[in-house]
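First up is the structure itself, then whatever we jot down about it.
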Amino acid sequence: MDTEQENNHSSDGTIKSPTLDTLCHDLDMFISELNEPKIELFQLNNNSEEVGESYSPVLEDYTRFSTIDKPTSQNSTPPTSPSFLRVNDLEDSLYKTRTSSLNRTRSTSSKRSGCYQPHSPNFIFSNPTSPFDTVYEEDVFPNHALLSFISNRFIVEVKLLNERRRIFCTAEYPLSFNGEEALDFIHNFLPDGLPEPLYLETAQALMKIKPPLIAPIPYSEKSIRDNKFYPDEFYTCVSTDTVVGVFTPLTQCYSQSCLPGQSGCYSYSCPNKPTNQAKLVTSSEDSHDASTARAWSAKVKKEILATLPKDEIARQEAIHELIYTEEDYVRDLKLLDNFYVKELENSDCIEKERNKEFREKVFNNYEQLIEVHQGLCDALKDHQAQCRSTSAIGSVNHIGDIFISHTHRFLDVYLQYGPKVVLAEFEAKREMENNPLFQEFIREKEKRADSRRLPFRHFIILPVTRLQRYSLLLGAVFKKTAEDHPDKTHLAACMEIVKDVASRVDEATVMTKNTLRIYEIEQRIRFKPGETYNLDLLKDGRRLIMEGLLSRKSHLVVETLEMHVFLFDHMLVMTKVKKAANDPKDVEYVVTKTPIPMNLLHIQEATEGFSIGMRTMNSTGNSTQTSSLLSPTNSTTMTTTSTNGSSLPFGSNQYPILIQHLGRYGADYMLYAENAAARLEWKEKVVEAKTMMEDAQKDKQVFEIRSLSDTTFGGTTAPNAHNHGKVICTVPFTSSTNIRMMAIATQQGVWMGIEGDTNQIHFVLPISDVIQIAILEEHHILLVLSDKTLYAYALDPLVPKDSRKTTVEKHVEKPHQKIAQHISYFNTGTCNGRTLVVAMKKRGVDSNFKVLEPVCGDLRDPTNSKKFFTKTGLFQRMPSWFKNYMEFYIGTESYSVHFLKARLAVVCSRGFEIINLEALSQNRNLPDPNHPDFNFVQQRGQELRPLGMFKCRENYLLCYDAFAFMVNMHGSFVRDATMIEWEGVPQSVAFYYPYVIGFDTRFIEIRHVETGELVQILAGTHMRCLRFTNQTIAPVIHGCMAHPFKPDFQFVFQLVGTFEPPLE
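Heads up: the sequence shown begins at 234 in my numbering, then just goes up one per residue.
This is how it looks when you write it as structure tokens:
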């Protein structure tokens, strides 16, 4: 001992310290290095290793070389310093000599992943004169103290973990893990031999850095409450970005002389000192001490605990945790009430007129939650106190029956609160972004110590996390309860109730998350300058069915443009994604095309069946003819790509979707899906959306289409056996046997069959160029306008008697007469009690009308048929069946004539000419061109085309191809009535009170005459009105369109009302 003391004293009497000598020597060497000439840069690559002629022992101490010898270049001289590191192979030891007073040390490199990992990182100097300008090579020698290294390795481990296993929260949090798994990750990439608490501190650091890398999921109530990392809780990665920083407990000592395991370092905070390592152990045990302080065993004497079985102790711990966490839950709910709700009610940070509404959106029915759980908490605590008073041990014998008496209220309160939490968060976040006063209000509350400085979000989501945690808490008690214990049954029932409530809340939350996404979209929607649309996204019950990317070609077909398409339950919106102006990390959706209402949305090969009541893709997906017309590629290519499922470059023309916006303001858009599966999904989702709309609006399905002829009449591309020409018009009648029948006129003649029997329609009259047909029911006469000649045929001889006959008997002469020539159109009806036929003959620009009245009586009567079918002589004609009633003309072009009760209404270029057959001098024109109320009609001029005039209670409805409006009995404009603006461009109209029906070429538009509301759309191709008869109680409306599923055929149908007609 004396000798050692003597060695520590110098000759001059001063005390000699090895540590001080080391520090002084290091400083001397560093100063001398700064005075030396500039040293060339060490170069390290895969092929060579060069060292400059000048050599610094200080720099050498920071330099490490690879584990394989590399030949030196011819132009360089290898270092001769004993500090040169040489590793011959993987089994050699690593020698190094420090330029300090320490002796040369020998250390053995450890193996990891098949290669050596030296203890210190590798640095290469960009400027050798400054040891602080360094480039870090993480892949070769990782610096474990860098948070970039820790975060990157941690994220990789989490991703790999979630690829091979799933837990209960993986679907909601794809990068989730539990605390024990996180500690295993950290063990894997940090050096061995570190103090065990240091791994926990590392995980804690990842949670507390700003912004955090990991965070507890809402189900980890204890970790959220204490803001600490626990191995038994669940977490998720909230970011995958690289974290920049240094975790100081893992850093090496800045003294070059200090090595792990050696003492005497002059650095106060040296991580190698045992005292500093002990601090880590102490700090990591704080959380354990805090949690054990509330344990049940901490409140029971050790002598009593020693007498209890371990299973019973574990059961009491689980029961105690359930009770005290319930007490914490109620306390936090009351904090929400006192700190936020009540103070917000009295605060001026939100306007008074919307303060109450905002609080209801954010806090919902929290008061009911307080009431329910205050009762549960009081019952549990009372029972616990009772057990302590009656037992020295103080153990709780049962809790299941207490829970059952309260859980029956869980469903109502949580089903109202839970699903709306995501919306509450959204409302609060939006208010904070737009209202600095509210933001300051929240920040001030979050800083308060009595709220444990918990974030506002903690209190909002607390009921949801608590509900999910009940299953774990009750399950822990259930597992530790003996099978023969009477509480076992009650606990099982409680768990089932809680799981059912949680499941139903989760199902409802899916819908509210959909609503949340709609709110987010609504905030980001932008319109082009000068454009705006009412998207109505915030309506209650609104749903987002699908969203995704589709592409389209530019106008010049030069480039492919991506579109972000949203399919809602009421419309389809096409947008272009752009970066937000105020936040580059956010995006905006700029509406590039007119939004398409769902009833005007038509997808070819998908929605054709809706007009005839078929809502599935089964009938529409295999239409090869339509596919060949729609696709820009041939059908062979499409079939091949769809079969093998290969995905071509996004935007290729292999997977087209033709989206049609029906109506005058619409257009057709050819978009392209990424692959066949995506195209099919879009079509199916559109069908789903249209089905949802129809189911939600069943009261608006006021008409339905019933087939009159399915595949009898082909189109121009149909086989010859079915190619009978274009269907022109139809007319219903009753046969002599009281069977409802119909006549159908085509360009080649007239067909007849039983109404509703689509397969038994027979050709009865070969006559070409048929323009129009009509039947006089009382006289049983068929009128046929062919090649501008009006013929009258006896009806009964034309009716087919044998359904097996498919061709007409040409040798049998049918009784008929030619009654007028040069006729453009005609109509039949009753006016002033007379059955009349009004035929129009055009002369120049004038329209001349010839009015005929039948005089033959009923030709079904044998007496009349014998009289009017028999010629009086060899060269004589049959008696005329009609007489001229009168003639009149109007000096303009006319299109049709309608029968009113006592007058005729001629539809002409001037509007509607009202003809009084009893006093032609009293004719008048509607609307009055000189009246200022009708300026909107006159301003349109020749663009407008009048279509029809109908009696509507005490007024008249005047229909044009752009709009329809009411006039009263005197022809004055009815201001109180709603003007109807047609969505399409109808070519003809029909009337079935209280609805007016417009026939556009691509859809039938049905509107309410009193309100103008668009009630129903029936889409189709080549839509036409064949017959409208308004002389009966139930008007007859026949139409024709291309067959939805067999486009080579003409589909003849009847529009049948499904409503109860109101009394006019």
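Glycine included, each C-beta is placed from N, C-alpha and C at the ideal position.
Residues in the same chain with beta-carbon distance under 8 Å from residue i, minus the five sequence neighbours each way, listed in chain order, please.
| i | result |
| --- | --- |
| residue 1141 | 1080, 1123, 1125, 1126, 1127, 1128, 1179 |
| residue 660 | 591, 594, 595 |
| residue 926 | 802, 803, 831, 832 |
| residue 1078 | 1124, 1125, 1126 |
Leaving out the 5 sequence neighbours to the left and right, which residues in its chain are closer than 7 Å to residue i when beta-carbon positions are compared?
| i | result |
| --- | --- |
| residue 1255 | 1234, 1274, 1275 |
| residue 906 | 783, 888, 890, 912, 915 |
| residue 845 | 938, 1277 |
| residue 1044 | For residue 1044, the predicted model reports a pLDDT of 45, less than 50, meaning its position is unreliable and no value from the coordinates is stated. |
| residue 1289 | 936, 937, 939 |
| residue 548 | 710, 713, 714 |
| residue 426 | none |
Under a Cβ-count criterion, where at least 16 other Cβ atoms within 10 Å of its own Cβ denotes burial, should residue i be classed as buried or exposed?
| i | result |
| --- | --- |
| residue 1088 | exposed |
| residue 1194 | buried |
| residue 565 | buried |
| residue 1074 | buried |
| residue 1018 | buried |
| residue 1007 | buried |
| residue 992 | exposed |
| residue 972 | exposed |
| residue 1291 | exposed |
| residue 1038 | With a pLDDT of only 49 at residue 1038, under 50, the local geometry of the prediction cannot be trusted, and no value is derived from it. |
| residue 1240 | buried |
| residue 702 | buried |
| residue 720 | buried |
| residue 453 | buried |
| residue 969 | exposed |
| residue 384 | buried |
| residue 692 | buried |
Check each candidate in the options and name the one with the smallest Cα separation from residue i.
| i | options | result |
| --- | --- | --- |
| residue 711 | 695, 1147, 632 | 632 |
| residue 431 | 572, 481, 644, 1169 | 481 |
| residue 412 | 391, 422, 542 | 391 |
| residue 1121 | 1145, 1095, 1083, 1112 | 1083 |
| residue 192 | 1208, 626, 544 | As shown, the chain starts at 234 and ends at 1297. That puts residue 192 outside it, with no answer to give. |
| residue 388 | 466, 404, 475, 618 | 475 |
| residue 1222 | 1257, 1206, 1243 | 1257 |
| residue 777 | 943, 750, 662 | 750 |
| residue 471 | 478, 442, 484, 729 | 442 |
| residue 1260 | 795, 797, 963 | 963 |
| residue 672 | 800, 582, 1243 | 582 |
| residue 569 | 694, 530, 618 | 694 |
| residue 395 | 409, 382, 385 | 409 |
| residue 649 | 487, 741, 587 | 741 |
| residue 974 | 635, 1287, 834, 1176 | 1287 |
| residue 406 | 448, 1263, 1020, 723 | 448 |
If contacts are defined as beta-carbon pairs under 8 Å, then residue i and residue j qualify, I think. What distance do you get, rounded to the angstrom?
| i | j | result |
| --- | --- | --- |
| residue 435 | residue 419 | 5 Å |
| residue 574 | residue 596 | 5 Å |
| residue 941 | residue 1269 | Incorrect: roughly 11 Å between the Cβ atoms, too far for contact. |
| residue 1200 | residue 1165 | In fact, because the Cβ distance is near 14 Å, the residues do not count as touching under 8 Å. |
| residue 700 | residue 655 | That pair is no contact at about 15 Å. |
| residue 380 | residue 533 | Actually they do not touch by this definition, with Cβ atoms about 44 Å apart. |
| residue 1070 | residue 1137 | At roughly 12 Å, the Cβ-Cβ gap does not stay under 8 Å, so residue 1070 and residue 1137 are not in contact. |
| residue 825 | residue 808 | 6 Å |
Short of 6 Å in beta carbon distance, which residues of its chain neighbour residue i, apart from the five on each side in sequence? Order them along the chain.
| i | result |
| --- | --- |
| residue 957 | 946, 979, 981 |
| residue 1143 | 1125, 1158 |
| residue 959 | 980 |
| residue 1293 | none |
| residue 651 | 697, 738 |
| residue 483 | 377, 378 |
Uninterrupted alpha helix (DSSP H) stretches inside the region 644-683 (no shorter than 4 residues): If we require 4 residues or more, the alpha helix (DSSP H) runs fully inside the region 644-683 come out as 654-667, 669-679.
Would you list, in sequence order, the uninterrupted beta strand (DSSP E) runs of no fewer than 3 residues that lie entirely inside the region 1137-1206? The beta strand (DSSP E) runs lying completely inside the region 1137-1206 and spanning 3 residues or more are 1137-1141, 1144-1148, 1157-1159, 1179-1185, 1188-1193, 1196-1200, given in chain order.
At 3 residues or longer, what runs of the beta strand (DSSP E) sit wholly inside the region 1048-1096? Counting only runs of 3 or more, we get 1049-1054, 1058-1064, 1067-1076, 1079-1087.
Quick one: complete alpha helix (DSSP H) runs, 4+ long, within the region 513-583? The alpha helix (DSSP H) runs lying completely inside the region 513-583 and spanning 4 residues or more are 535-540, 543-568, 575-578, given in chain order.
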